[in-house]
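Position 33 of the sequence shown, counted from 1, bears residue number 32 in numbering that gives the first Met the number 0, the numbering being contiguous throughout.
Heads up, the beta-carbon is just placed ideally off N, CA and C, and yes, glycines get one too.
This report refers to the structure that appears directly beneath it.
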Amino acid sequence: MHVAMIGAGYVGLVSGACFAEFGIDVSVVDKDPAKITALKQGRIPIFEPGLDELVKSNAAEGRLHFTTDTAKAVNRADAVFIAVGTPSRRGDGHADLTYVFEAVREVCAALTGPTVLVTKSTVPVGTGRKVAALAREVRPELDIAVASNPEFLREGSAIGDFMRPDRVVIGTDSERAQAVLKRLYRPLYLIETPIVFTGLETAELIKYAANAFLATKITFINEVADLCEKVGADVHDVARGIGLDGRIGRKFLHAGPGFGGSCFPKDTLALVRTAQDAGTPVRIVETVVSVNDARKAAMAERVIAACGGSVAGKTIAVLGLTFKPETDDMRDAPSLAIVPRLVEAGAVVRAYDPEGMAQAKPLLPAEVVYCRDAYDAAEGADALVVITEWNVFRAIPPDRLAGVMTGRVVVDLRNIFDPAAMREAGFAYSSIGRA
Ligand code: NAD
0 MHVAMIGAGY
10 VGLVSGACFA
20 EFGIDVSVVD
30 KDPAKITALK
40 QGRIPIFEPG
50 LDELVKSNAA
60 EGRLHFTTDT
70 AKAVNRADAV
80 FIAVGTPSRR
90 GDGHADLTYV
100 FEAVREVCAA
110 LTGPTVLVTK
120 STVPVGTGRK
130 VAALAREVRP
140 ELDIAVASNP
150 EFLREGSAIG
160 DFMRPDRVVI
170 GTDSERAQAV
180 LKRLYRPLYL
190 IETPIVFTGL
200 ETAELIKYAA
210 NAFLATKITF
220 INEVADLCEK
230 VGADVHDVAR
240 GIGLDGRIGR
250 KFLHAGPGFG
260 GSCFPKDTLA
270 LVRTAQDAGT
280 PVRIVETVVS
290 VNDARKAAMA
300 ERVIAACGGS
310 VAGKTIAVLG
320 LTFKPETDDM
330 RDAPSLAIVP
340 RLVEAGAVVR
350 AYDPEGMAQA
360 KPLLPAEVVY
370 CRDAYDAAEG
380 ADALVVITEW
390 NVFRAIPPDR
400 LAGVMTGRVV
410 VDLRNIFDPA
420 AMREAGFAYS
430 SIGRA
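Shown next, in the form of structure tokens:
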């Protein structure tokens with residue numbers, strides 16, 4: 000079988016490489032020539048564990064191709080996947096579908112025969128019908144079946160998530176599309192992955208409802224964490240105590256600085272807008288959006304308070320910039336709300352992130368100093384803030400930190416350190432949801 004993947008980003012590149020690993024011939028298209036040149040030379044434009052080897056081996060086997068030429072990629076494709084970005088539209092928070100419709104137009108114009116057009120990008124309810132109408136408009140003579148196949152992979156564990164997902168969702172009215180997608184996902188069917196066959200609208204909504212639910216879970220535990228701090232409780236034990244209840248589950252109950260990333264912020268907002276337009280507001284999700292925005296902003300104030308009410312002229316070490324570990328993705332990362340505020344308040348910020356510094360530089364104030372490692376960042380610092388819980392930070396011995404820092408303030412927004420050990424090393428240590 001042949002597949003064309005439009006978009007070589009976090010989703011397109013991982014999905015394309017994984018389909019190739021299933022034995023399918025895959026052409027990945029991106030309109031960014033620098034990305035395609037890099038990929039052709041075996042350089043991976045993003046950081047995702049395991050992706051390097053997967054891309055190289057499948058390219059070497061001749062199953063994975065990269066091109067900027069949509070026509071070349073789609074002309075033999077049994078299915079064409081749209082995996083382009085759907086960012087928040089400036090001003091109103093609706094999903095910006097410009098890239099999706101542009102890609103659909105380009106694909107349809109280039110087709111030489113019937114195919115199945117599959118939306119993998121996260122798109123609001125109703126987009127699939129619009130894609131079908133656009134396909135009919137551009138190529139009325141061709142039989143182009145349309146399907147929605149939302150992607151649930153997580154950056155940092157994307158390959159495992161694609162290869163062993165909790166479920167695959169396929170939304171379509173077309174038997175042909177369903178048959179093609181069944182064949183493509185056969186390796187997952189063989190390992191008994193649940194496959195949810197449904198309509199277009201339902202598949203589109205499943206993706207938004209899933210992300211909104213997970214974002215709600217995070218926001219819930221964050222507010223419980225604030226309460227824990229006030230009443231002398233420990234949010235870890237609360238999360239464990241409720242998470243062991245099978246109806247609740249332990250995942251997504253880690254209190255922190257608020258969710259960020261390429262999906263939750265824009266998808267919660269887009270769902271809010273869709274629901275408002277439909278006249279059925281999702282008020283819980285509206286609250287999640289505003290609570291989370293306020294939380295990210297409040298984290299800088301927490302640091303300032305821990306420094307005695309002012310950071311002017313103080314040196315603050317920042318560990319972690321990406322929105323989560325094991326990715327270089329900076330989209331909507333909490334650091335983007337925290338670091339500029341600290342700089343604005345007069346702090347000298349010395350930052351270190353294992354993978355995200357190149358992506359962070361254009362997004363953060365020019366005054367930020369980028370460091371070689373955690374100890375370099377902590378050198379001479381009055382205070383240290385943990386924003387992203389990279390594993391390399393977890394093992395930092397408190398006394399070694401004390402040896403390089405000038406001050407004794409640590410604000411751990413991810414609860415990676417042991418409070419007793421930090422206090423023993425002489426730190427004024429604060430974390431999230433632990434009194
Ligand atoms: P991305 O920004 O990393 O990648 C999108 C790529 O598409 C870019 O490289 C861009 O150059 C390319 N592109 C845009 N228009 C094109 C066109 N007409 N032809 C060829 N290439 C084109 O985005 P992403 O993070 O991979 O997300 C893609 C979609 O998947 C979004 O809708 C997102 O919400 C969804 N999604 C993302 C994740 C995630 O973890 N990143 C997870 C699940 C779903």
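For residue i, the nearest candidate out of the options (CA to CA)
i: LEU363; options: ALA336, ILE194, GLY248, LEU318; result: ALA336
i: GLU354; options: ILE5, GLY11, GLU47, ASP31; result: GLU47
i: GLU154; options: LYS34, ILE303, GLY8; result: GLY8
i: GLU105; options: VAL79, LEU152, ILE45, THR267; result: VAL79
i: ALA202; options: ALA144, THR267, GLY127; result: GLY127
i: ASP95; options: ASP372, ASP266, ARG301; result: ASP266
i: ARG135; options: ALA344, HIS1, PRO113; result: PRO113
i: SER446; options: GLY84, VAL115, GLY245; result: In the structure displayed, the chain extends from 0 to 434; residue 446 sits before or after that span and is not available.
i: LYS27; options: ASP225, GLU60, ALA72, MET0; result: Note that residue 27 is Val in the sequence shown, not Lys. The residue with the shortest Cα to Cα distance from VAL27 is ALA72.
i: ARG340; options: ARG330, ARG185, PRO324, ALA304; result: ALA304
i: VAL287; options: PHE151, ALA214, GLU388, PHE21; result: ALA214
i: ARG246; options: PRO264, LYS216, GLY259; result: LYS216
i: SER56; options: MET4, ALA238, ALA346, GLU20; result: GLU20
i: CYS227; options: PHE212, ILE205, ASP244, GLY255; result: GLY255
i: PHE65; options: TYR184, PHE263, PRO44, GLY49; result: PRO44
i: VAL281; options: ARG182, LEU268, THR405, ARG330; result: LEU268
i: ASP172; options: ILE205, ALA131, GLU140; result: ALA131
i: ASP352; options: ASP328, LEU252, ALA365, ALA344; result: ASP328
i: PHE251; options: ALA209, CYS306, ALA3; result: ALA209
i: VAL403; options: LEU383, GLU378, GLY425; result: GLU378
i: ALA350; options: TYR369, LEU152, CYS306, VAL99; result: TYR369
i: THR85; options: GLU285, TYR207, ASP225; result: TYR207
i: ASP160; options: PHE263, VAL13, ALA299, VAL271; result: VAL13
i: ALA274; options: CYS262, ALA211, VAL237; result: ALA211
i: VAL302; options: ALA394, PRO397, TYR374, ALA382; result: ALA382
i: ASP292; options: GLY260, ASP375, GLY49; result: GLY260
i: ALA37; options: ASP276, SER430, GLY22, ALA58; result: ALA58
i: THR321; options: ALA33, ASP142, ALA70, PHE258; result: PHE258
i: HIS253; options: ASP236, PHE263, PRO264, CYS262; result: ASP236
i: PHE435; options: ILE194, TYR98, LEU110; result: This structure leaves residue 435 out entirely; the chain is present only between 0 and 434.
Extent of the continuous beta strand (DSSP E) run through residue i
i: ASP24; result: 24 to 28
i: SER383; result: First, the amino acid is wrong: residue 383 is Leu here, not Ser. From DSSP, the beta strand (DSSP E) with LEU383 extends over 382 to 385.
i: ALA238; result: Where ALA238 is concerned, there is no enclosing beta strand (DSSP E), although the alpha helix (DSSP H) it sits in stretches over 234 to 242.
i: GLY379; result: Here GLY379 belongs to no beta strand (DSSP E), and DSSP marks it neither H nor E.
i: LEU318; result: 314 to 318
i: ARG175; result: Unbroken run through ARG175 is the alpha helix (DSSP H), 174 to 183; no beta strand (DSSP E).
i: ALA350; result: 347 to 351
i: ALA344; result: No beta strand (DSSP E) contains ALA344, which DSSP labels as neither H nor E.
i: ILE158; result: From DSSP, ILE158 is part of no beta strand (DSSP E) but of the alpha helix (DSSP H) over 157 to 162.
Rounded distance between the beta-carbons of residue j and residue i, thought under 8 Å
i: GLY248; j: GLY240; result: With 8 Å as the limit, GLY248 and GLY240 do not qualify as a contact, their Cβ atoms being about 13 Å apart.
i: LYS39; j: ALA82; result: Not a contact, Cβ separation roughly 19 Å.
i: VAL54; j: ALA108; result: Between ALA108 and VAL54 the Cβ distance is about 28 Å, and since that is not below 8 Å, they are no contact.
i: GLY125; j: GLY170; result: In fact, because the Cβ distance is near 12 Å, the residues do not count as touching under 8 Å.
i: VAL234; j: GLY432; result: 3 Å
i: ASP24; j: VAL179; result: Contact doesn't hold; Cβ gap of about 14 Å is too wide.
i: VAL145; j: ALA176; result: 7 Å
i: ILE315; j: VAL348; result: 5 Å
i: ALA434; j: ALA232; result: 7 Å
i: LYS295; j: PRO333; result: 5 Å
i: ARG413; j: ALA427; result: Their Cβ separation, rounded to whole angstroms, is 18 Å, which puts ARG413 and ALA427 out of contact at 8 Å.
i: PRO164; j: THR121; result: That belief does not hold up - the Cβ atoms of PRO164 and THR121 are roughly 15 Å apart, past 8 Å.
i: LYS443; j: ALA357; result: Given a span of 0 to 434 for the chain in the structure shown, any question on residue 443 remains unanswerable.
i: VAL367; j: VAL342; result: 7 Å
i: VAL271; j: GLY92; result: 7 Å
i: LEU318; j: ALA373; result: 6 Å
N- and C-terminal bounds of the alpha helix (DSSP H) containing residue i
i: PHE263; result: 263 to 276
i: MET298; result: 282 to 305
i: ILE190; result: Here ILE190 belongs to no alpha helix (DSSP H), and DSSP marks it neither H nor E.
i: SER14; result: 9 to 20
i: ILE169; result: Premise fails: ILE169 lies in the beta strand (DSSP E), 167 to 171, not in any alpha helix (DSSP H).
i: VAL310; result: That residue, VAL310, is in no alpha helix (DSSP H); it is neither H nor E in DSSP.
i: ALA208; result: 199 to 230
i: MET356; result: 356 to 359
i: ILE461; result: Lying before the first or after the last residue shown, residue 461 is absent from the chain, which here runs from 0 to 434.
i: PRO446; result: Beyond the ends of the chain as shown, which are 0 and 434, falls residue 446; an answer cannot be given.
Heavy atom of ligand 2 within 7 Å of residue i beta-carbon
i: GLY255; result: This structure simply doesn't include ligand 2; it includes ligand 1 instead.
Any alpha helix (DSSP H) of 4 or more consecutive residues that is wholly inside the region 48 to 77: Entirely contained in the region 48 to 77, the alpha helix (DSSP H) runs reaching 4 residues are, in chain order, 50 to 59, 69 to 73.
Whole alpha helix (DSSP H) runs in the region 94 to 151 with 4 or more residues, listed along the chain? DSSP runs (the alpha helix (DSSP H)) wholly in the region 94 to 151: 97 to 109, 126 to 137.
3 or more residues per run - each beta strand (DSSP E) lying fully within the region 366 to 431: Within the region 366 to 431, complete beta strand (DSSP E) segments of at least 3 residues are found at 382 to 385, 408 to 411, 427 to 429, given in chain order.
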